[in-house]
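Numbering (the numbering used here), first residue to last: 148 to 219.
One structure is given below, encoded as structure tokens.
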Amino acid sequence: MITPPAPLPPVHYVTIARAAEMTGLSEKAIRRKIEDGKWLAGREYRRSPDGGIFIDLRAYEKWVERIEPRAE
148 MITPPAPLPP
158 VHYVTIARAA
168 EMTGLSEKAI
178 RRKIEDGKWL
188 AGREYRRSPD
198 GGIFIDLRAY
208 EKWVERIEPR
218 AE
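Put into structure tokens, the structure is as follows:
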């Protein structure tokens with residue numbers, strides 16, 4: 148009998164490439180938000196010890212919820 152693998156714990160930090168796939172934003176748009184200071188280190192993203200950038204998905208969701216809807 149085959150035992151199914153154990154479920155993975157939720158992932159809170161992902162690479163820019165994975166965040167782009169998951170959010171629909173382009174990698175360039177994500178990098179621009181970081182460069183322009185719209186996303187802050189320690190809030191929307193973190194740097195790994197080797198300098199990689201990881202996006203905090205929980206903070207991304209909060210950021211989206213802060214956006215005011217446009218009047219139509």
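Quick reminder that beta carbons are idealized off the backbone N, C-alpha and C, glycines included.
Handout entry: Local Cβ density within 10 Å of Leu214, reported as buried at 16 or more and exposed below that
Key = Note that residue 214 is Ile in the sequence shown here, rather than Leu. Ile214 should be labelled exposed.
Handout entry: Close Cβ partners of Trp210 (< 8 Å) along its chain, the five nearest in sequence each way excluded
Key = Trp186 and Glu191
Exercise for the section: Using beta-carbon positions only, say whether Tyr160 and Arg193 come within less than 8 Å of one another. Expected result: yes
Handout entry: Alpha-carbon spacing of Arg165 relative to Ala188, whole angstroms
Key = 18 Å
Problem - Inside the stretch 173-215 only - alpha helix (DSSP H) runs reaching at least 4 residues - result: 174-182 and 204-213
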